[in-house]
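One structure is given here, and the rest of the page talks about it.
Number of protein chains: 4
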Amino acid sequence: VIAVLDREAPASVRAAVVQAIEAAGCAAVVSEADGECRVAAFGEGAAALAPLVSTLPGVREVRPAVPLAAREQHPEGTRVRFGDVEIGGPVVPIIAGPCSVEDREQILAVARAVRGAGASALRGGAYKPRTSPYAFQGLGEAGLELLAEARAATGLPVVTEVLAPEDVARVAATADMLQIGARNMQNFALLRAAGEQAKPVLLKRGLAATLDELLDAAEYILAAGNPNVVLCERGVRTFGQHARNTFDVAAIPALKLRTHLPVIADPSHAAGRRDLVPALARAALAAGADALLIEVHPAPERARSDGPQSLTPAAFAALMVELARVAAAVGKRLA
Amino acid sequence: VIAVLDREAPASVRAAVVQAIEAAGCAAVVSEADGECRVAAFGEGAAALAPLVSTLPGVREVRPAVPLAAREQHPEGTRVRFGDVEIGGPVVPIIAGPCSVEDREQILAVARAVRGAGASALRGGAYKPRTSPYAFQGLGEAGLELLAEARAATGLPVVTEVLAPEDVARVAATADMLQIGARNMQNFALLRAAGEQAKPVLLKRGLAATLDELLDAAEYILAAGNPNVVLCERGVRTFGQHARNTFDVAAIPALKLRTHLPVIADPSHAAGRRDLVPALARAALAAGADALLIEVHPAPERARSDGPQSLTPAAFAALMVELARVAAAVGKRLA
Amino acid sequence: VIAVLDREAPASVRAAVVQAIEAAGCAAVVSEADGECRVAAFGEGAAALAPLVSTLPGVREVRPAVPLAAREQHPEGTRVRFGDVEIGGPVVPIIAGPCSVEDREQILAVARAVRGAGASALRGGAYKPRTSPYAFQGLGEAGLELLAEARAATGLPVVTEVLAPEDVARVAATADMLQIGARNMQNFALLRAAGEQAKPVLLKRGLAATLDELLDAAEYILAAGNPNVVLCERGVRTFGQHARNTFDVAAIPALKLRTHLPVIADPSHAAGRRDLVPALARAALAAGADALLIEVHPAPERARSDGPQSLTPAAFAALMVELARVAAAVGKRLA
Amino acid sequence: VIAVLDREAPASVRAAVVQAIEAAGCAAVVSEADGECRVAAFGEGAAALAPLVSTLPGVREVRPAVPLAAREQHPEGTRVRFGDVEIGGPVVPIIAGPCSVEDREQILAVARAVRGAGASALRGGAYKPRTSPYAFQGLGEAGLELLAEARAATGLPVVTEVLAPEDVARVAATADMLQIGARNMQNFALLRAAGEQAKPVLLKRGLAATLDELLDAAEYILAAGNPNVVLCERGVRTFGQHARNTFDVAAIPALKLRTHLPVIADPSHAAGRRDLVPALARAALAAGADALLIEVHPAPERARSDGPQSLTPAAFAALMVELARVAAAVGKRLA
């Protein structure tokens with residue numbers, strides 16, 4: 134384990150940490166980097182020192198020598214499975230569906246349409262995080278039931294968002310994969326709750342999150358016992374005005390260098406306008422994305438949320454043809 | 134009420150909304166602005182139409198004609214009281230204390246020091262939102278008890294953060310004002326829970342939140358029944374490297390033009406380094422802040438969190454002298 | 134033409150503009166949009182009214198009804214030629230070379246290597262914009278001579294940067310295409326000078342430029358008489374830390390919807406680290422880039438500038454194989 | 134001097150630099166920091182080694198051990214004088230005037246009004262950097278003559294912008310202080326030209342410039358021989374929408390810790406709307422600004438540029454009363 138001290142910690146504070154480690158029969162090595170003072174403990178029993186060391190004055194953090202999310206943990210990469218879908222291998226699943234589950238007809242129509250076009254899984258929100266308290270907040274439990282019905286009708290496994298720790302069990306009872314949205318990336322109670330259940334978790338990058346922070350958020354889930362986490366780039370907030378968010382395509386290869394977890398992309402939320410979605414979807418695949426989340430609605434102009442960025446089923450089918458070619462160009466294939 | 138439709142909504146969708154409003158005996162006015170199509174309902178019973186209209190196809194949102202947070206609701210401005218402190222009037226309270234409650238000795242020492250220097254309230258975290266799961270997460274309930282003890286010892290009312298809906302009741306039982314942090318600004322379940330209890334809420338602006346989003350977040354609390362919300366500018370995330378966050382001092386007057394809620398500032402989190410805190414604190418007061426949150430620690434180099442941005446008690450006392458002068462220059466005074 | 138008035142302009146100011154237009158026998162139409170008040174003049178002789186109208190009080194700008202850069206001007210898209218290279222057609226030229234021309238051996242080695250790997254043109258800086266006055270500022274005229282020699286040796290046309298209006302003629306005498314860098318995107322004297330000479334101009338997007346501003350900068354060159362402008366996305370500055378800049382891949386399709394000018398990408402400057410360059414290059418092609426600028430150096434660890442983002446010749450050759458596949462996937466091909 | 138090497142530079146490259154320094158009879162010290170490898174030369178004649186060392190392979194930059202802009206050069210702070218105005222001392226000059234010089238009547242009216250309200254100097258643009266080539270570009274030389282006339286009429290010294298190296302002599306013949314605008318902060322040819330003439334230079338921070346880059350830009354002017362540089366914070370570009378730019382008030386104290394040059398602020402360009410200008414002006418003074426630039430126009434609704442952010446003379450006079458109080462609160466005074 135590594136104890137991180139305040140960079141201004143006086144010699145006496147550092148000495149106390151070293152002494153505690155050595156008193157337990159371990160070796161202590163002090164170093165300074167990235168504006169931190171670190172005291173690493175090595176030897177038998179070092180990992181067990183964490184609770185003790187974390188209570189010493191001046192110790193800001195005690196972390197494992199190698200984070201659970203670090204690529205060194207699984208250099209070959211982790212594959213996350215839900216239903217019969219696998220993310221992280223040579224087959225690139227496309228996860229498609231509406232922003233919100235609106236009614237039975239809508240979700241069944243979308244599910245059939247996206248399955249027909251080659252999608253591997255269904256996305257759809259039953260609990261919706263909305264900027265305004267007056268906006269449509271999703272159908273809640275009724276939405277979960279409709280998702281289950283759409284799964285039964287099409288065989289597509291279901292990805293849906295969970296917003297609060299107290300909803301995790303209920304959503305996990307239906308969903309094949311839980312989604313934690315961008316606004317909740319640092320909702321630590323929710324991350325812990327998602328880590329304490331068994332369904333895989335799709336964790337979206339926050340609007341202003343660095344990759345360090347995204348990996349730390351994943352670490353909350355991993356440290357709570359759930360090894361199946363998928364990271365998702367969905368655009369960040371900048372001064373740009375031509376898209377809803379700035380799609381940070383470089384985050385895909387940069388994350389894959391650092392973590393063994395699969396990295397996927399959501400070109401729909403990044404673009405915010407459907408005329409940019411195909412280009413961003415192709416770019417994400419070309420940059421190495423392990424899967425894509427794409428919003429599809431049978432009648433976008435009637436959608437209760439995110440209509441402007443939703444593709445029609447026909448546009449989605451056309452995009453799937455393009456994506457198959459790009460996947461092949463980078464040595465992968467669609468399902 | 135105003136029904137907001139998708140900007141691409143066809144004429145038939147608009148007509149259906151108009152028809153529903155008119156069928157209830159109200160007048161409907163259609164307009165387009167800010168990329169939205171809006172149908173406003175006027176007349177007796179218009180407010181009661183919200184549930185009905187919100188279920189119509191193409192309706193993305195039904196909101197009040199004037200949001201609860203809008204200045205028009207209370208042109209003279211709202212004053213929020215907790216303990217014997219008032220925020221929003223001519224007296225500018227300074228809320229000071231450590232980032233985290235660390236132990237009995239520390240919190241009592243800080244409480245006495247800041248009271249001695251003229252602070253009006255005590256801040257201190259018992260539940261801490263930490264980027265890494267391995268960092269010190271706060272003392273939890275034991276921290277709340279220590280805060281209560283510090284209050285008893287000094288008379289200072291207490292502001293402390295709540296991280297999850299399930300903790301709201303427990304924290305509210307001790308705190309005089311609940312804080313919702315920047316990372317949770319769009320944790321809507323938490324906002325609702327804070328709106329359903331009686332203690333005032335200090336709501337911090339998210340790292341990449343627009344003022345519209347901050348006001349919408351406040352609207353969640355107000356719409357849930359709690360009228361006592363204080364907004365806090367604490368810096369936003371930009372490309373800048375000389376401070377932890379970019380202190381957006383213009384947000385203070387811009388918010389005050391739009392809302393009747395008090396607007397305060399947290400120069401400590403904005404700066405991230407103590408040598409900038411005094412200048413930012415003075416600037417915030419000069420720009421019209423109704424109160425300040427300032428981190429103080431008896432031994433910053435031993436702090437378990439945010440040491441680099443914490444002032445020593447002596448530096449805080451010196452700053453209070455400066456702040457008294459600036460407050461007077463803008464027609465206010467310290468407590 | 135369209136006269137843009139201050140949005141606060143009183144009725145008398147608007148009336149004076151209308152009167153001036155009508156007095157010249159043209160029709161005037163007043164509208165408000167995007168926070169502007171606009172008075173459009175239609176009819177014979179309307180275009181000739183610009184000088185007159187621009188002198189009226191309250192008139193902030195007189196612009197053509199359709200900007201020269203707008204796609205409506207050439208819906209089929211413009212192809213820009215330099216040497217035997219064409220940008221904007223089905224063949225995607227790869228423009229490669231070092232950041233700076235350092236010496237004869239270096240530039241000849243790179244030129245031969247990139248030609249051998251399939252590059253269509255050579256890039257290299259003789260005049261370098263450097264953040265610090267103490268950094269290597271380029272070889273200047275001697276650099277231009279070495280570029281000419283490399284062109285003679287390989288047949289590759291040359292793209293090189295110009296920094297100041299007074300250097301335009303000298304650089305244009307050697308270069309096949311002039312580059313205006315990100316820092317100079319709003320150096321209006323330089324834009325005009327580049328517009329008044331005949332060589333094509335590669336215009337890079339500024340670090341914090343919106344697409345409107347980039348198109349306005351191109352408009353300076355076009356309005357000065359030079360129709361051959363190529364726009365280049367090279368990353369923008371955000372809070373991100375994993376790359377030198379945030380590569381805004383959505384700018385490529387968003388620009389192509391708005392302008393007939395070719396749009397290319399510089400993944401090397403966006404990435405700032407060579408391990409991300411291949412993914413960004415593939416993503417740019419997949420998103421529709423008409424050409425790529427890639428930095429290659431025979432010995433990056435000895436480079437006088439931008440070494441960390443330069444590919445070795447071997448890595449560049451490997452990348453060309455990948456790019457050929459991605460180009461084919463989007464219906465294009467490398468030279 | 135310090136030679137900066139590529140961080141990947143091999144041992145042989147480092148050794149060659151050390152050898153060159155030692156061969157000249159100086160001592161060489163190698164260190165690594167901030168991702169750089171640095172070789173410092175000490176001893177008699179070290180400064181004269183710059184030209185030789187800068188030509189060695191792998192050397193990216195040779196810089197003075199202490200930059201000319203660093204506070205260590207003049208710990209007590211530099212005062213810059215123009216006309217009878219001094220920036221950097223206990224008196225805070227307010228520099229006011231219109232964005233553009235529009236006509237004789239306008240500039241004389243403004244000059245008299247701002248002098249009457251207590252301004253110390255007159256600002257006004259004769260050469261205007263405009264985003265669009267069709268916008269009003271300023272009166273040019275005629276504008277300079279009107280500024281001279283306004284100075285003669287009021288005694289106020291004049292600050293005006295210069296856009297291109299070839300205009301420096303002409304503008305410097307009239308102006309008492311040259312302004313280099315945000316868009317030209319890294320127009321290095323212009324910085325050098327401003328450094329080679331004698332008038333003081335007001336250098337504005339670029340829209341996305343770090344403080345390091347601003348100080349490096351100032352270093353270009355200082356290194357060219359002009360010691361009289363004033364830095365100006367005028368807002369940076371972020372995701373924020375409530376103001377034209379995000380006023381980075383923390384840049385003022387952060388710069389003053391690092392440099393001996395005076396630091397001033399331009400609340401008008403930061404705000405972009407006049408209702409925020411007073412609060413930002415007060416905040417800037419409270420944070421330690423050495424002077425302010427404020428836009429004033431006798432009829433903002435008729436202004437040819439920046440009308441929405443210009444104060445009327447009456448509003449400016451009212452603001453001066455507020456500013457006098459804030460200046461006093463921080464131990465300074467207005468002229």
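Protein chains in written order, with our numbering: chain A, 134 to 468; chain B, 134 to 468; chain C, 134 to 468; chain D, 134 to 468.
Just so you know, even glycine gets a beta-carbon here, dropped at the ideal spot from N, CA and C.
Outcome for residue i when other beta-carbon atoms lying within 10 angstroms are tallied against a minimum of 16
i, result
"residue 411(A)", "buried"
"residue 162(D)", "exposed"
"residue 175(D)", "exposed"
"residue 349(A)", "buried"
"residue 152(A)", "exposed"
"residue 134(A)", "buried"
"residue 264(A)", "buried"
"residue 249(D)", "exposed"
"residue 355(C)", "buried"
"residue 187(B)", "buried"
"residue 208(B)", "exposed"
Pairwise C-alpha distance: residue j and residue i
i, j, result
"residue 454(B)", "residue 396(B)", "22 Å"
"residue 308(C)", "residue 459(C)", "30 Å"
"residue 140(B)", "residue 210(D)", "57 Å"
"residue 237(C)", "residue 315(D)", "37 Å"
"residue 426(C)", "residue 254(C)", "9 Å"
"residue 86(B)", "residue 389(B)", "Nothing about residue 86(B) can be reported from this structure: the residues present for chain B run from 134 to 468 only."
"residue 451(A)", "residue 184(A)", "55 Å"
"residue 282(A)", "residue 378(C)", "45 Å"
Residues sharing a beta bridge with residue i, DSSP
i, result
"residue 224(C)", "466(C)"
"residue 169(D)", "166(D)"
"residue 196(D)", "135(D)"
"residue 313(C)", "336(C)"
"residue 398(C)", "366(C) and 425(C)"
"residue 254(B)", "228(B)"
"residue 214(D)", "219(D)"
"residue 291(C)", "255(C)"
"residue 265(B)", "None, per the DSSP bridge assignment."
"residue 379(D)", "369(D)"
"residue 233(B)", "258(B)"
"residue 175(B)", "160(B)"
If you pair each beta-carbon of the stretch 398-417 of chain B with each one of the stretch 216-223 of chain B, do three or more pairs fall below 8 Å?
-> no
Can you find at least 3 beta carbon pairs, one from the stretch 224-233 of chain A and one from the stretch 372-386 of chain A, that sit closer than 8 Å?
-> no
Quick one: which residues of the stretch 350-384 of chain D get their C-beta closer than 8 Å to a C-beta of chain A? List them in chain order.
-> 370, 371 and 372
Given a limit of 7 Å on CB to CB distance, which residues of the stretch 258-270 of chain A reach chain B?
-> 262, 264, 265, 266, 267, 268 and 269
Near-chain A residues of the stretch 306-327 of chain B (beta-carbon distance less than 7 Å), N- to C-terminal order | 316, 317, 319, 320, 321 and 322
Is it true that the stretch 162-174 of chain A meets the stretch 235-252 of chain B, where meeting means three or more beta-carbon pairs spaced less than 8 Å apart?
-> no
Stretch-stretch touch, CB-based, cutoff 8 Å, three pairs: the stretch 284-303 of chain B with the stretch 322-335 of chain B = yes
Using a Cβ-Cβ cut-off of less than 9 Å, give me the residues of the stretch 404-435 of chain B that come near chain A, in sequence order.
-> 432, 433, 434 and 435
Scan the stretch 455-467 of chain C for residues whose Cβ lies nearer than 8 Å to a Cβ of chain A and list them as they occur along the chain.
-> 455, 458, 459, 461, 462 and 463
The stretch 428-443 of chain D / the stretch 181-195 of chain C touching (three or more Cβ pairs under 8 Å) = yes
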